[in-house]
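Notes for the one structure printed next.
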């Protein structure tokens, strides 16, 4: 069956450290993978997209990697801050043409402790 | 620029009642979708539309109807509400997902919180 697994339901990390979140998928062939941030009581907000032919993408303190052999994406937040505390969702499409709806993982709730 | 607007933000229904969750976007997006979010289940796709007059089912379509008569609006109808439909509903839109240059980024509304008693 098809699955998207975000390994940790919750992750606590000290301020200033690097937070690493994992997204693994099974029986999908995504053209791209995305990461979203969701704050309590709000809708998800897009952060980064990485395509199947890209190994790594960066945006400010964020870095995403995508390994299609391992079927895994890693999401890193460097120099983490309490304001980074939120739930982070990975999402992917299920089709090489990228024309199918996004499927989401259950999310990882990150808490950055001052 | 309003983005994706969902109404109502909160709603309480009794079992068997019907209602419509409204979703409107002002970004001229072709693609619109409805997700529900439940604790421990993540976001699950209910229905989606790739353009006016075209709709399709997602992972959990039972008990819900949609229509897309205009590019801007994509209402979600609950015909006979059940307690299992208690959830937070999110509408999301994007440019045509099949455009190669498109990021496929979804723009979400703020959610509609529905309780069915």
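Chains as they are written, first to last, in this note's numbering: chain D, 1 to 114; chain B, 1001 to 1117.
Where a beta carbon is used, it is the ideal one built from N, C-alpha and C, also for glycine.
What are the residues that DSSP puts in a beta bridge with residue i?
i	result
residue 1067/B	DSSP, once it has assigned bridges, lists no residue as partnering residue 1067/B.
residue 115/D	Only positions 1 to 114 of chain D appear in this structure, which leaves residue 115/D out of reach.
residue 1054/B	1051/B
residue 1088/B	1037/B and 1113/B
residue 12/D	111/D
residue 104/D	91/D
residue 53/D	Answer is none; residue 53/D lacks a bridge partner.
residue 1012/B	1115/B
residue 46/D	36/D
residue 1024/B	1005/B and 1073/B
residue 1078/B	1019/B and 1064/B
residue 4/D	25/D
Can you tell me which of the options puts its alpha carbon nearest to the alpha carbon of residue i?
i	options	result
residue 53/D	40/D, 63/D, 31/D and 42/D	31/D
residue 73/D	103/D, 56/D and 38/D	56/D
residue 21/D	36/D, 43/D and 29/D	36/D
residue 46/D	67/D, 90/D and 101/D	90/D
residue 24/D	100/D, 69/D, 51/D and 43/D	69/D
residue 1051/B	1021/B, 1068/B and 1044/B	1068/B
residue 1066/B	1117/B, 1111/B, 1104/B and 1033/B	1033/B
residue 1078/B	1030/B, 1047/B and 1031/B	1047/B
residue 1092/B	1037/B, 1082/B and 1114/B	1037/B
residue 1105/B	67/D, 83/D and 50/D	50/D
residue 1116/B	1088/B, 1030/B and 1094/B	1088/B
residue 1060/B	1011/B, 1019/B and 1042/B	1042/B
residue 102/D	67/D, 43/D and 33/D	33/D
residue 1044/B	1007/B, 1058/B and 1031/B	1058/B
residue 1009/B	42/D, 94/D, 65/D and 59/D	42/D
residue 83/D	94/D, 38/D, 66/D and 1/D	38/D
residue 71/D	92/D, 58/D and 59/D	92/D
Looking only at its own chain, which residues have a Cβ that is under 8 Å from the Cβ of residue i, when we skip the five neighbours before and after it?
i	result
residue 1003/B	1025, 1026, 1027, 1107 and 1109
residue 13/D	19, 80, 110, 111, 112 and 113
residue 1013/B	1019, 1078, 1081, 1114, 1115, 1116 and 1117
residue 1055/B	1047, 1048, 1049, 1066, 1067 and 1068
residue 1111/B	1006, 1009, 1037, 1088, 1089 and 1090
residue 8/D	21, 22 and 108
residue 1/D	26 and 27
residue 15/D	80, 81, 82, 112, 113 and 114
Here's a check: name, in chain order, each residue in its chain whose Cβ is nearer than 7 Å to the Cβ of residue i, leaving out the five neighbours to either side.
i	result
residue 17/D	80
residue 106/D	6
residue 1082/B	1015, 1063 and 1116
residue 1086/B	1114, 1115 and 1116
residue 1053/B	1068
residue 1011/B	1019, 1112 and 1114
Using a Cβ-Cβ cut-off of 6 Å (strictly less than) and excluding sequence neighbours within five positions of residue i, which residues of its own chain qualify?
i	result
residue 26/D	3
residue 109/D	10 and 87
residue 78/D	18 and 61
residue 1100/B	Confidence in residue 1100/B is poor, its pLDDT being 49 and thus under 50, which makes the residue's placement unreliable; the coordinate value appears in the next sentence. Here the set comprises nothing.
residue 1016/B	1080
residue 1075/B	1020 and 1022
residue 63/D	76
residue 65/D	56 and 74
Counting only C-beta atoms, is residue i closer than 9 Å to chain C at any point?
i	result
residue 1066/B	Checking the listed chains, one finds no chain C in this structure; the protein chains it contains are D and B.
If the cut-off is 8 Å on Cβ atoms, which residues from the segment 1017-1042 of chain B count as contacting chain D, listed in chain order?
1033, 1035, 1040, 1041 and 1042
Tell me which residues of the segment 12-39 of chain D have at least one Cβ-Cβ distance to chain B shorter than 9 Å, keeping chain order.
31, 32, 34, 36 and 38
Under 8 Å (Cβ pairs) to chain B, residues found in the segment 38-54 of chain D:
41, 42, 43, 44, 45, 46 and 49
Can you give me, in chain order, the residues of the segment 76-91 of chain D that have a beta carbon less than 9 Å from any beta carbon in chain B?
89 and 91
At a Cβ cut of 9 Å, what residues of the segment 1049-1066 of chain B count as close to chain D, listed as they run along the chain?
1050, 1056, 1058 and 1059
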